[in-house]
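Working notes, structure below.
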Amino acid sequence: MATSPETSRAAGQVREASGRITGSSAHRAIRGFWDRHEAPQRAGERVVRRWHRRSFLVGAVLVLGPAVQLAWSSLA
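Read left to right, the sequence shown gives residues 1227 to 1302 (this note's numbering).
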């Protein structure tokens, strides 16, 4: 059974024109997570998708910011 492009995207795989699957395992994991959580929004709710993307990025900054500060202060 062949996998459809949608199935590949849902699995977080990026397929080049040559047919080769690209992306690191971390990238595929994030892409798969993103696709699973964003796929239901794709029926025209673009504003909602943008809001989710922003909140995801804000959350990442809030989590990574203190970690970077701690690492930086430990180097000094």
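Even for Gly, the Cβ is constructed at its ideal location relative to N, Cα and C.
A quick note: this is a predicted structure, and the numbers were derived from the prediction, not measured.
Quick one: Cα of residue i to Cα of residue j, how far?
i: Ser1300; j: Val1289; result: 18 Å
i: Gly1291; j: His1253; result: 20 Å
i: Phe1282; j: Phe1259; result: 12 Å
i: Met1227; j: Ala1255; result: Here Met1227 scores only 46 on pLDDT, less than 50, and its place in the model should not be relied on; the value that follows carries that caveat. Distance between the alpha carbons of Met1227 and Ala1255: 23 Å.
i: Ala1302; j: Gln1295; result: 11 Å
i: Ala1180; j: Ser1251; result: Outside the displayed span of the chain (1227 to 1302) sits residue 1180, for which this structure offers no information.
i: Trp1320; j: Arg1279; result: This structure leaves residue 1320 out entirely; the chain is present only between 1227 and 1302.
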